Amino acid sequence: MAVMYRLPGLLADVALIVYVVALLALLSAAHAVLTLPGIAGFVLSIGMAVDANVLIFERLKEELWAGKSLRSAVKIGFRRAFTRCSIATLRRSSAPASCSCSEPVR
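Read in order, the letters of the sequence shown correspond to residues 67 to 172 in this note's numbering.
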């Protein structure tokens, strides 16, 4: 994302790395055992975070190209992207709900 969106993309990459490290630290502190669905959920959450960042940045670019100020473009871009991300999250969360593996990965 840093190549495509420059500074906002770099900040999004840093935030994503912090998210991954924090989640792994939390799982390690809780002595959690990752099952295959747990790993899939972890990877899915990273993918959804990247998708949300791309949607927000694209909406922001559209609003800036339309001649809006930076403040209003950010406000409108986040509002429109939030609606889209919420719908996409609801759709994606229904797919892994049917998986019922219970053995830990070794």
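Where a beta carbon is used, it is the ideal one built from N, C-alpha and C, also for glycine. The model shown is predicted, which means the values in this text are computed figures rather than measured ones.
Could you tell me whether the region 141-155 touches the region 110-124, using the rule of 3 or more Cβ pairs below 8 Å? yes
Quick one: is A139 buried, meaning 16 or more other Cβ sit within 10 Å of its Cβ, or exposed? For the purposes of this step, residue 139 is taken as residue 73 along the sequence shown, with counting starting at 1. Buried: at least 16 other Cβ atoms inside 10 Å.
Rounded separation between A98 and V69 - CA only: In the sequence shown, residue 98 corresponds to position 32, counting from 1. In the sequence shown, residue 69 corresponds to position 3, counting from 1. Each residue's alpha carbon lies about 35 Å from the other.
Cβ neighbour criterion (16 or more within 10 Å) applied to G133: Numbered from its first residue, the sequence shown carries residue 133 at position 67. Flag for G133 reads exposed.
Burial state of A91 (16 or more Cβ within 10 Å): For the purposes of this step, residue 91 is taken as the residue at position 25 of the sequence shown. Under this definition A91 is an exposed residue.
Look at the alpha carbon of G143 and the alpha carbon of G113, and state the distance between them as a whole number of angstroms. The residue you call residue 143 lines up with position 77 of the sequence shown. The residue you call residue 113 lines up with position 47 of the sequence shown. In a straight line, the C-alpha of G143 is about 20 Å away from that of G113.
Going by beta carbon distance, what residues of the same chain come within less than 7 Å of S94, once the five residues before and after it are set aside? Reading the sequence shown from its first residue, position 28 is the one you call residue 94. Result list for S94: empty, nothing under 7 Å.
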